[in-house]
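The next block holds one structure in the form of structure tokens; read it before the comments.
Residue numbers (this note's numbering): 17 to 139.
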């Protein structure tokens with residue numbers, strides 16, 4: 017089965033318009049793994065997943081990559097906000113959060129001019 021993802025030479029904005037629509041896209045680097053040095057966000061797709069289910073990995077650092085076509089995103093883990101990050105001009109339409117893995121739900125809300133624009137959830 018061929019994976020859908022960001023392909024070499026495709027920028028994030030094009031990928032989002034083709035695949036995600038108005039909702040943010042959440043990609044997770046599994047707990048305990050690190051982003052390889054020198055790799056761009058567009059090259060992370062093969063090593064990230066769209067899941068928040070990692071039994072036995074509780075307490076390990078997980079990297080959450082959010083791709084969105086709006087100016088800000090906010091990350092929630094089990095209802096607790098981890099803050100907002102700017103993803104607009106100069107941020108290449110992505111934000112990276114590092115959190116300690118805990119079972120449950122992650123939710124991302126994207127904002128345009130301080131109003132909710134899109135939402136995505138992973139379990």
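The beta-carbon is built from N, C-alpha and C at its ideal position, and this holds for glycine as well.
Looking at the backbone, the Cα of residue 67 and that of residue 92 are separated by about 15 Å. In this structure, the CA atom of residue 43 is about 8 Å from the CA atom of residue 83.
Secondary structure of residue 74 (DSSP, three-state): coil. Assignment of residue 86 by DSSP, reduced to helix, strand and coil, places it in the coil class. Residue 76 is classed as exposed because its beta carbon has fewer than 16 other beta carbons within 10 Å across all chains shown.
Cβ-Cβ distances below 8 Å link residue 96 to nothing in the same chain once the five nearest sequence neighbours on each side are left out. Excluding its 5 nearest sequence neighbours in each direction, residue 111 has C-beta neighbours in its own chain below 7 Å: 82, 89, 101, 103, listed in chain order. In this chain, the beta strand (DSSP E) harbouring residue 134 covers 131–138.
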